Amino acid sequence: MARKELAIVKLGGSLITHKEKPLTINSQVIDTIGNTLSKSDNPLILVHGGGSFGHYFADKYGLTTKPSKVSAEGVSKTRASMLELNLKILSCLDKHGLNPYSLPPSNFAQSTTKAKRKLFLSLIDYGLTPVTYGDVLLESKGFYVLSGDEITRMLSEALKPIRVIFLLNVDGIFRNLNQPDSLIEELKPEDLTKIRVKSIDMDVTGGMGLKVKEAIRMAKDGIDVMFINGTNQEIILRALKGELLKGTLIRGLRK
Ligand SMILES: Nc1ncnc2c1ncn2[C@@H]1O[C@H](COP(=O)(O)OP(=O)(O)O)[C@@H](O)[C@H]1O
Ligand SMILES: [Mg+2]
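Below you can see the structure in the form of structure tokens.
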């Protein structure tokens, strides 16, 4: 398989679940994504967010991206909800023949860049599609949430994919979400201050604000990052080929 065409695709939690309704998945969207990705020739690494699974419990029990001494019950329930969501996604990807291989971040988050690279490339060469997700991890000061966006950036650094694609429940990054005509076609890192980011309830990993910051870090590392609507098959297929039909591009800095 041509490794140089490797794409990392982040399935937004807000896209694959109904974020306003705790513990509900958007089966139709997940099915469309599975079907679409199965038509792609690119080797893929998939990362999914928590949506109304992980975020629901993390918010309820006070877990954040900063390590803290949260209750054991909260840690357990948040982690279990992510496994439950992961399993639902796996079963859909399996149905579409993607040979998904579930990898909890605890398996690789603390490994070296070289070890991450070796692990993921071995799985891909075997014909599998690695699927990982935002999770609850332990360090000396306690438990913290590692967001899917951060994992995406971590894997981008290790694997240097041809592109990273964020599948969203909106068309891309807007200057102002309340103005439908303000979709940004190409975002330059210095334009960051020009976007208004509206935060939503029950989001423990920083929503669009932190996502864009991670994306800019990847772009500075030379990777093209795209933000597109994950409900549209044609837009996803084109993006996988590097064409932006509709959405936002943050161009990787060519050194
Ligand atoms: N300027 C903006 N452009 C696009 N989306 C924005 C903006 N400001 C806030 N958002 C919100 O950010 C959401 C995406 O962030 P998030 O819910 O964390 O997605 P994900 O689940 O993919 O991580 C969108 O659904 C939208 O409501
Ligand atoms: Mg998010």
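Here the sequence shown stands for residues 135 to 389, numbered as in my numbering. All C-beta atoms, glycine included, are put in the ideal place defined by N, C-alpha and C. Predicted model only: the values in this text are computed from it and were never measured.
Per DSSP, residue i forms a beta bridge with which residues?
| i | result |
| --- | --- |
| residue 266 | 181 |
| residue 234 | 263 |
| residue 165 | None; residue 165 has no bridge partner. |
| residue 214 | Residue 214 pairs with nothing; no bridge assigned. |
| residue 361 | 300, 382 |
| residue 141 | 178, 297 |
| residue 159 | 151 |
| residue 202 | 277 |
| residue 330 | 310 |
Should residue i go down as buried or exposed, given a rule of 16 or more other Cβ atoms within 10 Å for buried?
| i | result |
| --- | --- |
| residue 264 | buried |
| residue 220 | buried |
| residue 314 | exposed |
| residue 176 | buried |
| residue 373 | buried |
| residue 379 | exposed |
| residue 259 | exposed |
| residue 353 | buried |
| residue 141 | buried |
From this set, the options, which residue's C-alpha is nearest residue i's C-alpha?
| i | options | result |
| --- | --- | --- |
| residue 185 | 153, 227, 165, 310 | 153 |
| residue 365 | 268, 151, 211 | 151 |
| residue 383 | 279, 305, 205, 280 | 305 |
| residue 362 | 238, 303, 188 | 303 |
| residue 241 | 349, 337, 269 | 269 |
| residue 350 | 317, 375, 300 | 300 |
| residue 174 | 370, 276, 348, 273 | 370 |
| residue 327 | 194, 339, 281, 343 | 343 |
| residue 318 | 307, 236, 311 | 307 |
| residue 278 | 163, 379, 192 | 192 |
| residue 124 | 385, 379, 373, 312 | The structure shown does not extend to residue 124, since the chain is modelled only from 135 to 389, so the question has no answer here. |
| residue 283 | 267, 272, 275 | 267 |
| residue 254 | 180, 296, 189, 297 | 180 |
| residue 230 | 295, 171, 222, 143 | 171 |
| residue 338 | 140, 200, 143, 166 | 200 |
| residue 280 | 256, 183, 322 | 183 |
| residue 243 | 273, 215, 235 | 273 |
| residue 143 | 387, 357, 158 | 357 |
| residue 355 | 298, 340, 368 | 298 |
Output the residue ranges of the beta strand (DSSP E) runs that lie fully inside the segment 259–323 and measure 3 residues or longer, sorted by chain position.
Segments of the beta strand (DSSP E) lying fully in the segment 259–323: 263–267, 269–273, 276–280, 297–302.
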